[in-house]
Structure formats: C-alpha cells, structure tokens
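According to the numbering used here, the sequence shown is numbered sequentially starting from 22.
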Amino acid sequence: MAEKIVHVPLGDRAYDVHVGTSLIAAAENHIAPLLRRKRVFVVTEDRVGPLHLASLREGLGGIACEVLELPAGEGTKSWPYLTQVVEWLLDGRCERGDVVVAFGGGVIGDLVGFAAAILRRGVRFVQVPTSLLAQVDSSVGGKTGINTRHGKNLVGAFHQPSLVLADVGLLETMRPRDFLAGYGEVVKYGLLGDAAFFEWLEAHGPDLSRDTELRIEAVRHSVQMKADIVVRDETEQGDRALLNLGHTFCHALEAATGYGDRLLHGEGVAVGCALAFDLSARLNLCSQEDPSRVRGHLQAMGMPRDLSDIPGDLPDAEALLDLMGQDKKVLDGKLRFILARGLGQAFVTSDVPAAAVLETLRASGDAFR
Ligand code: GLY
C-alpha cells in the first residue's frame with residue numbers, strides 16, 4: 022500500500038491528508054481515533070454509492086454507519102439538500118462529538134462540510150474525496166458551501182475537516198471526462214506557483230490516468246501546494262486568492278452554461294486559466310509564448326481551452342463580463358483577477374481594464390471557428 026501524508030498545520034484545527042491506495046480499506050484505522058462512540062454519519066451520492074459504499078462499509082469495520090445517498094450533480098449543492106442533510110443528521114441524533122463523513126466529489130464535500138459547520142454550531146467531519154478535483158482541491162482547506170440562484174459558492178463557511186483520505190484507487194472508476202476536468206485544478210497549481218511542477222505535468226500528465234504512482238505524486242504535490250497556501254492565509258485575505266486562478270472566467274462560464282454537463286467546473290478552470298494567461302499577455306505582464314504553452318498542454322490532454330470549445334451558444338462578451346460581477350472576488354465593485362507574470366508566477370490584481378477582458382473573451386469565442 023503506497024501512502025503519503027501531507028500535514029496541514031493549522032494549530033488546534035490541524036489535520037492530515039493521506040494520499041495513497043487502499044485507504045478506504047483501512048478507514049477504521051484512520052477514523053476510529055477521532056470518534057467518541059463507534060458510529061459515523063456518511064453522506065454520499067448516487068453515482069459513488071453503488072460503486073464504492075460497500076468497500077467503505079467494509080473498511081469501517083466495527084464502526085457503525087448511517088448512510089444518506091443524494092443525487093449526483095451540482096444541483097445538490099443547494100438549499101433544499103442542505104436542509105435535507107441537516108434534518109437527517111438531527112433525526113439520527115448526530116451529537117456535537119460525532120463525525121460526519123463526506124464521501125463523494127466536490128459537491129458532496131462542500132455541501133456536507135457546510136452542514137457540519139452549522140449543525141449544533143459545528144461538528145467535525147472527514148473528507149473522503151472520490152474525484153480528482155475533490156482530492157487535489159475542494160477536500161482540503163475548509164471552504165464549504167452551496168450555490169444560490171445568484172451564483173456559485175455564495176453561501177458557506179470556513180470549516181476545516183479533521184482528516185482527509187484521498188484514495189487514488191477510487192479515481193479508476195471515474196468517467197475520463199470527469200478525471201480530466203479534475204486535472205484542470207492540477208494544472209492550475211503549476212501555473213499559479215510552480216513552473217517546475219507544470220513542466221512535470223507536461224511530461225507526465227498524459228500518463229496519470231493509468232499510473233498509480235504518478236497519480237499519487239500529482240495529488241500529493243497539489244495538496245502540499247494547497248496546504249502551504251491555506252496555512253499562510255486560511256480565510257482568503259490575501260494569498261489564498263491565487264487558488265482562484267482561472268476562476269473568475271470559470272464562474273461566469275458556469276453560470277452561462279447552467280452549472281451542468283455542458284461545462285464541468287474543472288473544464289471551466291482549464292478554459293479560465295488559458296484566458297487568464299491570454300489576458301496577462303494582452304496586458305504585457307507575461308510573454309506571448311506563455312498562453313500558447315498553457316493551451317498546448319491543455320490540448321495535449323484533450324481539454325477545452327477556449328470559449329469556442331464549449332458546446333452550444335454562449336452569451337456575448339459584455340454579458341459574460343456582467344456575470345463576472347457576481348463573483349465573490351469583487352471588491353469595492355471592482356473585479357479581482359488572478360493574472361501571471363509568467364508560468365508559476367500568479368498574482369492578484371483589481372487593476373484590469375474591462376476593455377482588455379472583453380477583447381480576451383471575444384478572441385477566445387472566435388478561436389478556431
Ligand atoms: N478552491 C479554492 C480554495 O480552496 O481556496
């Protein structure tokens with residue numbers, strides 16, 4: 022069993038992220054030390070449950086588990102399902118000292134983490150992320166929440182998990198498209214702060230889906246980068262915003278496409294990263310070669326890179342810019358962008374002329390048409 026541990030040193034909220042194989046099979050060993058009584062509440066979804074719930078139950082051994090299975094999909098990250106999870110936990114007499122387990126991708130992790138944050142003013146929870154995106158990003162760092170009709174992640178709380186078990190064996194049953202979407206967040210780490218990691222991904226990215234050791238290393242490296250940033254800036258007063266590279270564009274595109282199968286979140290991040298580098302080059306912050314290199318790698322991975330790669334019609338550039346105004350990163354009415362001075366050199370700025378954003382969007386919509 023290969024296993025690596027990334028420690029997230031957040032004082033009395035410190036925790037470990039285990040990255041490896043067979044972690045589900047050893048779930049009892051990992052989770053039992055957190056419990057006051059041998060019982061956990063597991064929330065999962067209906068694509069993960071049929072594939073992996075039996076293994077988790079077996080791995081939990083002598084720990085009793087109550088299970089709630091919700092529909093898969095972004096629509097579950099919403100008020101009605103938050104109510105359902107909270108009421109289910111209360112019906113099951115989940116106490117302050119109990120532990121809730123989020124067993125699924127980013128949707129389940131964010132929703133269940135938020136339910137844990139507000140239940141009895143905060144119960145502990147364990148993330149068992151089952152998607153690449155959740156393993157490298159959303160399960161670590163304590164951002165929890167739901168979407169509303171006003172936009173994504175607009176209601177939520179910072180609530181750190183007590184443990185994360187990132188079992189890369191679970192990724193083997195992912196749809197290739199979902200795996201690649203998660204890869205958008207992996208590339209993001211290289212682009213925002215580690216050019217050498219981006220180069221490593223250029224060399225090894227295409228082999229990740231079939232090589233367990235490479236997968237473990239990609240997840241571990243991403244988690245370590247995220248942990249370093251979260252420790253510096255847990256509540257996003259500064260550096261943590263770097264993790265939103267590509268996300269200002271992505272959130273507008275997701276809103277425009279209905280948060281559905283037309284554009285998965287990680288695909289939006291990939292397109293958003295390409296656009297962030299385009300915009301940076303347009304503003305003469307980075308070289309013209311950088312966006313081409315980003316696009317080249319995304320293309321080699323078979324990922325979308327431009328608005329023209331998104332199926333169906335999109336709103337025009339002005340309407341997309343308007344959707345960006347709903348982003349949480351708006352400060353004093355000004356859009357904040359994560360731009361880059363080169364590969365691995367991202368920074369936060371509010372000093373971006375709307376005209377340059379509109380040009381970037383228009384050029385991307387026209388690309389290769
Ligand atoms: N996914 C961005 C963050 O956790 O800050």
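C-beta atoms are modelled at their ideal positions from N, C-alpha and C, and glycine is treated no differently. The structure presented is a predicted model; accordingly, all values stated were derived computationally and were not measured.
Closest by CA to residue i, which one among the options?
{"i": "His336", "options": "Cys307, Leu379 and Arg261", "result": "It should be noted that the sequence gives Pro, not His, for residue 336. Among Cys307, Leu379 and Arg261, the Cα nearest to that of Pro336 is on Leu379."}
{"i": "Phe179", "options": "Glu234, Leu154 and Val144", "result": "Val144"}
{"i": "Ala46", "options": "Ser329, Val315 and Leu81", "result": "Leu81"}
{"i": "Leu274", "options": "Leu266, Ala361 and Gly289", "result": "Gly289"}
{"i": "Ala375", "options": "Asp343, Arg362 and Ser385", "result": "Asp343"}
{"i": "Val240", "options": "Ala297, Phe298, Val106 and Pro150", "result": "Pro150"}
{"i": "Val161", "options": "Met246, Gln309 and Arg114", "result": "Met246"}
{"i": "Arg383", "options": "Leu264, Leu212, Leu328 and Ala367", "result": "Leu328"}
{"i": "Gly134", "options": "Asp112, Ala367, Ser43 and Val176", "result": "Val176"}
{"i": "Asp112", "options": "Leu132, Ile84, Glu95 and Arg141", "result": "Arg141"}
{"i": "Val315", "options": "Leu304, Leu364, Arg303 and Leu300", "result": "Leu364"}
{"i": "Gly32", "options": "Phe200, Val252 and Glu220", "result": "Val252"}
{"i": "Glu116", "options": "Phe62, Arg198 and Asp372", "result": "Phe62"}
{"i": "Phe393", "options": "Val185, Leu319, Thr256 and Thr169", "result": "Outside the displayed span of the chain (22 to 390) sits residue 393, for which this structure offers no information."}
{"i": "Ile250", "options": "Arg198, Arg170 and Asp215", "result": "Asp215"}
{"i": "Leu266", "options": "Ala338, His242 and Phe298", "result": "Phe298"}
{"i": "Val69", "options": "Arg196, His51, His28 and Ile52", "result": "Arg196"}
{"i": "Arg198", "options": "Ser76, Leu285 and Arg58", "result": "Leu285"}
{"i": "Gly41", "options": "Arg57, Thr97 and Ala23", "result": "Ala23"}
{"i": "Glu87", "options": "Leu103, Arg114 and Ala340", "result": "Arg114"}
Does the distance between the C-beta of residue i and the nearest non-hydrogen atom of the ligand GLY fall short of 7 Å?
{"i": "Leu266", "result": "no"}
{"i": "Gly162", "result": "yes"}
{"i": "Asp158", "result": "yes"}
{"i": "Glu257", "result": "yes"}
{"i": "Arg261", "result": "yes"}
Below 8 Å on the Cβ atoms is my guess for residue i versus residue j; work out the distance and round it to an integer in Å.
{"i": "Gly293", "j": "His268", "result": "6 Å"}
{"i": "Leu55", "j": "Ser183", "result": "6 Å"}
{"i": "Phe124", "j": "Ala137", "result": "That belief does not hold up - the Cβ atoms of Phe124 and Ala137 are roughly 13 Å apart, past 8 Å."}
{"i": "Gly346", "j": "Leu360", "result": "The Cβ separation is near 18 Å, so there is no contact."}
{"i": "Ala276", "j": "Gly172", "result": "6 Å"}
{"i": "Val121", "j": "Leu110", "result": "7 Å"}
{"i": "Val369", "j": "Leu264", "result": "Incorrect: roughly 11 Å between the Cβ atoms, too far for contact."}
When you compare the CB positions of residue i and residue j, do they come within less than 8 Å of one another, or not?
{"i": "Arg34", "j": "Asp119", "result": "no"}
{"i": "Arg261", "j": "Gly333", "result": "no"}
{"i": "Tyr204", "j": "Met324", "result": "yes"}
{"i": "Ala202", "j": "Leu154", "result": "yes"}
{"i": "Val207", "j": "Val128", "result": "no"}
{"i": "Gly126", "j": "Ser152", "result": "yes"}
{"i": "Val38", "j": "Ala187", "result": "yes"}
{"i": "His1", "j": "Leu192", "result": "Any property of residue 1 remains undetermined from this structure, which presents the chain solely from 22 to 390."}
{"i": "Ala321", "j": "Pro227", "result": "yes"}
{"i": "Arg362", "j": "Leu300", "result": "no"}
{"i": "Leu212", "j": "Ala367", "result": "yes"}
{"i": "Asp131", "j": "Gly166", "result": "yes"}
{"i": "Glu66", "j": "Leu91", "result": "yes"}
{"i": "Arg231", "j": "Val189", "result": "no"}
{"i": "Asn168", "j": "Glu108", "result": "no"}
{"i": "Tyr36", "j": "Gln181", "result": "yes"}
{"i": "Pro106", "j": "Gln148", "result": "Note that residue 106 is Val in the sequence shown, not Pro. Cβ atoms of Val106 and Gln148: not closer than 8 Å."}
{"i": "Phe270", "j": "Leu296", "result": "yes"}
{"i": "Ile26", "j": "Ala53", "result": "no"}
{"i": "Ile331", "j": "Thr381", "result": "no"}
In terms of residue numbering, what span does the beta strand (DSSP E) encompassing residue i cover?
{"i": "His39", "result": "Tyr36 to Gly41"}
{"i": "Val64", "result": "Arg60 to Glu66"}
{"i": "Thr169", "result": "Lys164 to Thr169"}
{"i": "Pro150", "result": "Arg145 to Pro150"}
{"i": "Thr370", "result": "Ala367 to Thr370"}
{"i": "Asp188", "result": "Leu184 to Asp188"}
{"i": "Gly177", "result": "Gly172 to Phe179"}
{"i": "Glu90", "result": "Ala85 to Leu91"}
{"i": "Ala262", "result": "First-last for Ala262: undefined, no H or E at that position."}
{"i": "Leu360", "result": "Phe358 to Ala361"}
For the alpha helix (DSSP H) containing residue i, name the first residue and the last one.
{"i": "Val290", "result": "His286 to Arg303"}
{"i": "Glu238", "result": "Thr233 to Arg253"}
{"i": "Lys209", "result": "Pro197 to Gly214"}
{"i": "Gly127", "result": "Gly127 to Ile139"}
{"i": "His28", "result": "Looking at the DSSP string, His28 is not in any alpha helix (DSSP H); the run it does join, the beta strand (DSSP E), is Glu24 to Val29."}
{"i": "Val157", "result": "Element bounds for Val157: n/a, residue is neither H nor E."}
{"i": "Ile52", "result": "Ala48 to Ile52"}
{"i": "Leu111", "result": "Trp100 to Asp112"}
{"i": "Leu229", "result": "Run containing Leu229: none; DSSP gives neither H nor E here."}
{"i": "Leu74", "result": "Val69 to Leu81"}
{"i": "Gly323", "result": "That residue, Gly323, is in no alpha helix (DSSP H); it is neither H nor E in DSSP."}
{"i": "Cys271", "result": "His268 to Thr278"}
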